[in-house]
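> All residue numbers for the sequence shown refer to the numbering used here, where the first residue is 5 and numbers rise by one. Backbone N, C-alpha and C fix where the C-beta goes; we use that ideal spot for every residue, glycine too.
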Amino acid sequence: MASNSYETGRLNLPFVGICTFGKYPYQPDWDAIDADVAILGAPFDCGTQWRAGTRFGPRSIREASTLFSFGHGGAYDHEDDVTYLPSGEVSIVDIGDADIVHTDTMKSHANIEFGVRKILAAGALPVVLGGDHSVNIPCINAFSDDCARNGPIHVVQIDAHLDFVDERHGVRYGHGNPMRRAAEKPYVSGLSQLGIRNVSSTAKEGYEDARKMGSDILSVRQIRALGSAAVAERVPAGARYYVTIDIDGFDPSIAPGTGTPSHGGFIYYEVLEILTALAKRGTIVGIDLVEVAPDYDHTGGTSILAAQVLMNLIGRVIHARPKQR
C-alpha cells in the first residue's frame, strides 16, 4: 500500500507551500525530465477573439490543484475501488511555463512546441495548461517526430465550439483555428469533436470541411441521447489519442471562468465517463486543458474543476497502462 506523506512528520496542507501542479516536484531543467507525466504551462491568450484572461489559467489551475494534495498515498476512488496515482509508483513533475512573448504568436507558439517536444523526448506524457485554445496548435505540431516513430494520433476535443476556422482576416493561428490546423496534419488520423453547440465561431462551411476531413461532431444533447459508452465506441479503438479539453465544453453554471461561455454544456461526470472510457479504449499520449480565465469566476470553482478533471484523467491514463515502472 502506498504510504502517506504526512506520516513522515510534515502535514503540508494545500494552502501551505509553493503551487506546482498537485504539489509535485518542480523540474526547471528540461533536459533532465525523468517522469511518467510532465506538466507544462502555456499562459498565452493573444489568440482570443473576445475576452482575454486565460494567460492566468495555468497559475490558477496549479493553485487549485493543491486542493488534491493532502498527502495521501494516492487518490482512492471508492466507486472504482482503485487508488489512482499511487505514491512511489507514478512520477509526475511540473516543468513550469513556456516562455511567452507578448503579442508575438509565432514565437510564443514555438516556445510551447519546444517544451512539448522536450517532454515527448523524455518519454513522458505531456499535460499542457492553457492559455487560449490556440496553444493546441504548437502542441499538435510537437508530435511530428513522435508520430513518425509511433504512428498517428486521433484528436478528441471536448468543447462548445468547433474551432475549425481556416483563415479570418489573415489569422490562421488564433483560438478559432486549432482543430483545422490539426486536421491538416498528415499524422492526425481524425477528430472526435464532442460537446459542440449553439451559435458557433465556425460557419456552416467549416462544419462541412471538418466532416470531409475526418471529423465526427456531436453536440451535448446528441451525446446524452447516445450515452457515454456509445460515444466512446465511435472513437477508433486501439488508437493513440490526443485529448484537448476546452473548459467551455462544461456548462457555465459550473465553469463560468472562461472567455466564451456557452450554455447547455456538459456536467462533470459526463466528461469524466467519456475520458475514462477513452483511457481504456486506446492510449492517451497527450493532453491539454485550455480557456480557464480565473478573473471571471471569483469563487475559484472553474479552476478547481479544471484541476480535478486533469487529476482524474491523469490517474486513469496511468492506471490503464501496462505496469512498466
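Would Leu394 and Ala214 be called neighbours here (beta carbons separated by less than 8 Å)?
Residue 394 lies beyond the stretch modelled for the chain, which goes from 5 to 329, so this question has no answer here.
> Between the alpha carbons of Arg325 and Thr287, how many angstroms are there, rounded?
Whole-angstrom Cα-Cα distance: 8 Å.
> Quick one: which unbroken beta strand (DSSP E) runs of 3-plus residues sit fully inside the region 104-190? Chain order, please.
Here the runs fully enclosed are 129-134 and 157-162.
> Is it a yes or a no for the region 68-86 touching the region 5-24, going by three-plus beta-carbon pairs under 8 Å?
Output reads yes: the region 5-24 touches the region 68-86.
> What residue ranges within the region 291-328 form continuous alpha helix (DSSP H) runs of no fewer than 4 residues, ordered along the chain?
Runs of the alpha helix (DSSP H) inside the region 291-328: 305-324.
> Determine, using beta carbons only, whether His137 and Asp250 come nearer to each other than 8 Å.
Yes, these two residues count as a Cβ contact at 8 Å.
> Quick one: is Tyr273 buried, meaning 16 or more other Cβ sit within 10 Å of its Cβ, or exposed?
Tyr273 should be labelled exposed.
> Does DSSP put Gln53 in a helix, in a strand, or in coil?
It is coil, neither helix nor strand.
> What does the Cβ neighbour count give for His173, buried or exposed, with the cut at 16 atoms within 10 Å?
Per the 10 Å Cβ criterion, exposed.
> Identify the continuous beta strand (DSSP E) that holds Val97 and give its terminal residues.
Ile96 to Asp101 is the span of the beta strand (DSSP E), which, as asked, contains Val97.
> Going by C-alpha to C-alpha distance, which of Ala114, Gly127, Asp101 and Asp103 sits closest to Ala39?
That would be Gly127, whose Cα lies nearest to the Cα of Ala39.
> CB-CB under 7 Å to His113, same chain, minus the five flanking residues each way: which ones, in chain order?
Same-chain partners within the cutoff: Ile141, Pro142 and Tyr177.
> If I measure Cβ to Cβ from Cys151 and keep anything under 7 Å in the same chain, skipping five residues before and after, which residues do I get?
Result list for Cys151: Ile157 and Tyr191, in chain order.
> Flag this pair as yes or no: are the beta carbons of Gly75 and Asn16 separated by less than 8 Å?
Yes; because the gap between Cβ atoms is below 8 Å, this pair is in contact.
> So Val132 and Pro29 are supposed to be a Cβ contact under 8 Å. How far apart are they, rounded?
The Cβ separation is near 18 Å, so there is no contact.
> Quick one: measure Cβ to Cβ for Val296 and Thr52, integer angstroms, because I've assumed they're closer than 8 Å.
13 Å between Cβ atoms; not a contact.
> How far does the beta strand (DSSP E) with Tyr28 in it reach, from first residue to last?
Neither: Tyr28 is in no beta strand (DSSP E) and is coded neither H nor E.
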